[in-house]
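Novice: In full-length UniProt numbering, the protein residues as written are 1 to 351. No residue lacks a Cβ here, since even glycine has one placed at the ideal position from N, Cα and C. None of these values were measured; they are calculated from a predicted model.
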Ligand code: TXA
Ligand code: MG
């Protein structure tokens with residue numbers, strides 16, 4: 001397939017590009033577009049054949065449902081059976097933005113989109129290009145992250161091109177995604193609502209709307225028979241860089257010492273080592289390929305850079321990656337959730 005690629009620069013949005021993207025989506029094609037979380041791979045959510053193309057292009061497991069994106073709050077009404085009060089409050093407060101709400105679906109949503117579940121995840125993104133494309137398509141847009149299944153989600157257009165060129169009709173880019181980790185997924189099919197995936201809207205922010213909102217404990221643990229995450233997608237190995245990733249967790253000073261010791265051993269074995277450091281710790285490492293993931297003082301920078309740092313280590317072709325760890329509060333919960341999954345839960349606790 002011939003993939004058309006366009007990059008939008010600055011604040012002026014080229015309406016011709018939006019029109020063409022809308023037309024492709026309406027006609028059952030695939031369009032990659034930016035959102036405030038990560039780039040999305042979109043298709044008409046109500047067209048089962050279009051949705052099947054998403055699964056094929058990504059190599060996505062069939063049992064993993066897609067999030068349906070809308071451009072106006074009213075567009076949710078025909079897609080879900082009911083909107084409980086708490087869901088209404090959450091939508092009013094956090095839409096448009098990085099939050100997906102799961103509700104019982106109507107028959108309008110095909111089984112292909114919901115992977116056979118009787119619920120559907122709906123999100124109204126805040127990114128202007130995303131909103132314009134969805135509005136132009138005049139249909140709800142199913143859009144998973146625009147990466148090949150298993151790889152880190154793309155926060156930069158070039159990564160979408162790397163993964164999906166030749167597999168989609170159109171790739172539209174702009175600057176890097178703002179938030180950097182995917183939306184918070186919150187299940188409102190029963191009360192109290194349960195967070196199935198931590199994201200840009202934090203547990204603390206959600207609790208301000210309803211203090212009973214809680215988190216599916218299974219998502220921070222290694223999936224097992226006893227601990228099955230409720231979101232089908234959370235059980236898969238995800239966000240994996242090419243090299244194995246190991247997280248070192250504990251007191252920061254001891255972590256740095258441990259990482260330096262491990263790096264020396266790997267180098268003695270002729271291995272190329274990548275280190276995920278922070279602005280505050282960068283100069284504490286003298287060996288290996290060191291990249292700062294952001295500032296501990298401003299954790300949203302860490303979320304913003306996370307997936308791109310993993311892909312940079314792919315480019316550097318290191319043999320192993322060692323990472324510092326972060327406190328699991330605020331956006332830190334989403335950061336550690338993604339990092340643990342990237343590492344396949346390979347964590348060394350020190351103290
Ligand atoms: O920020 C985002 O949400 C991005 C951008 C493109 O909007 N999209 C995204 O989609 O992350 P995807 O497909 O990569 O992740 C969707 C997650 C999966 O873990 C999936 O299992 C879960 O949401 N999910 C979707 N529908 C669900 C449902 N009805 N019940 C439970 N989990 C659901
Ligand atoms: Mg994804």
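On the DSSP bridge list, what partners appear for residue 100?
Specialist: 123, 185
Novice: Please state the DSSP three-state secondary structure of residue 245.
Specialist: The three-state secondary structure of residue 245, taken from DSSP, is strand.
Novice: Let me know the secondary structure DSSP gives residue 139 once reduced to three states.
Specialist: coil
Novice: Taking Cβ to Cβ, would you say residue 310 is nearer than 9 angstroms to residue 248?
Specialist: Between residue 310 and residue 248, the CB-CB gap reaches or exceeds 9 angstroms.
Novice: Is the number of C-beta pairs between the region 94–109 and the region 16–25 that are closer than 8 angstroms three or more?
Specialist: no
Novice: What are the residues that DSSP puts in a beta bridge with residue 40?
Specialist: 33, 145
Novice: Among residues of its own chain, excluding the 5 on either side of residue 203, which ones have a beta-carbon nearer than 8 angstroms to its beta-carbon?
Specialist: 195, 213, 215, 333
Novice: In terms of alpha-carbon separation, which member of 272, 156, 281, 43 lies closest to residue 252?
Specialist: 281
Novice: In chain order, what residues of the same chain lie with their CB nearer than 8 angstroms to the CB of residue 114, ignoring the 5 residues before and after it?
Specialist: 65, 66, 105, 120
Novice: Can residue 181 and residue 37 be called in contact, C-beta distance under 9 angstroms?
Specialist: yes
Novice: Looking only at its chain, what residues have a beta carbon closer than 6 angstroms to the beta carbon of residue 292, apart from the 5 residues adjacent to it on each side?
Specialist: 277, 278, 279, 282
Novice: Going by DSSP, which residues form a beta bridge with residue 1?
Specialist: Bridge partners of residue 1: none, in fact.
Novice: Spatial neighbours of residue 131 within its chain, please: CB distance less than 6 angstroms, with the 5 preceding and 5 following residues excluded, ordered by chain position.
Specialist: 71
Novice: So, are the CB atoms of residue 183 and residue 98 less than 9 angstroms apart?
Specialist: It is a contact, given that the beta carbons lie within the stated cut-off.
Novice: Would residue 25 and residue 146 qualify as a contact pair, given that the criterion is a beta-carbon distance under 9 angstroms?
Specialist: no
Novice: Under the DSSP definition of a beta bridge, which residues are partnered with residue 292?
Specialist: Answer is 277.
Novice: Check whether the Cβ of residue 38 sits closer than 8 angstroms to any heavy atom of the ligand TXA, and report yes or no.
Specialist: yes
Novice: Beta carbon of residue 124, beta carbon of residue 171: below 9 angstroms?
Specialist: no
Novice: Is any non-hydrogen atom of the ligand MG found closer than 8 angstroms to the C-beta of residue 147, if you look at the structure I gave you?
Specialist: yes
Novice: Three-state secondary structure (DSSP) at residue 338?
Specialist: helix
Novice: Taking the beta strand (DSSP E) that residue 349 falls in, what are its first and last residues?
Specialist: 347–349
Novice: Can the beta-carbon of residue 324 be found less than 9 angstroms from the beta-carbon of residue 336?
Specialist: no
Novice: Are residue 242 and residue 297 closer than 9 angstroms when you measure CB to CB?
Specialist: no
Novice: Using 8 angstroms for Cβ pairs, my map puts residue 45 next to residue 140. What's the rounded Cβ distance?
Specialist: About 4 angstroms; that satisfies the 8 angstroms criterion.
Novice: Given 8 angstroms as the limit, tell me if residue 233 has its C-beta closer than that to any heavy atom belonging to the ligand TXA.
Specialist: yes
Novice: Expressed to the nearest angstrom, what Euclidean distance is found between the alpha-carbon atoms of residue 47 and residue 23?
Specialist: If you draw a straight line from the Cα of residue 47 to the Cα of residue 23, it is about 14 angstroms long.
Novice: Taking residue 411 as part of the alpha helix (DSSP H), name the residues at either end of that continuous run.
Specialist: Absent from the model: residue 411. The displayed extent of the chain is 1 to 351, so no value can be given.
Novice: Check whether chain C comes within 9 angstroms of residue 202, counting only Cβ atoms and requiring the distance to be less than that.
Specialist: Among the protein chains of the structure shown there is no chain C, as only one such chain exists.
Novice: Could you tell me how far apart the beta carbons of residue 200 and residue 3 are, in whole angstroms, since I believe they sit closer than 8 angstroms?
Specialist: Between residue 3 and residue 200 the Cβ distance is about 28 angstroms, and since that is not below 8 angstroms, they are no contact.
Novice: Check whether the Cβ atoms of residue 150 and residue 240 lie closer than 9 angstroms to each other.
Specialist: Going by C-beta atoms, residue 150 is nearer than 9 angstroms to residue 240.
Novice: Near residue 148, what residues of its chain come up, given a Cβ to Cβ distance below 8 angstroms and the 5 sequence neighbours on each side ignored?
Specialist: 58, 59, 163, 164
Novice: Can you say whether residue 308 is buried or exposed, counting buried as having 16 or more other CB atoms within 10 angstroms of its CB?
Specialist: buried
Novice: Suppose the cutoff is 8 angstroms on Cβ atoms and the five residues either side in sequence are ignored; what does the same chain contact list for residue 80 look like?
Specialist: Around residue 80: 103, 104, 105, 106, 120, 122.
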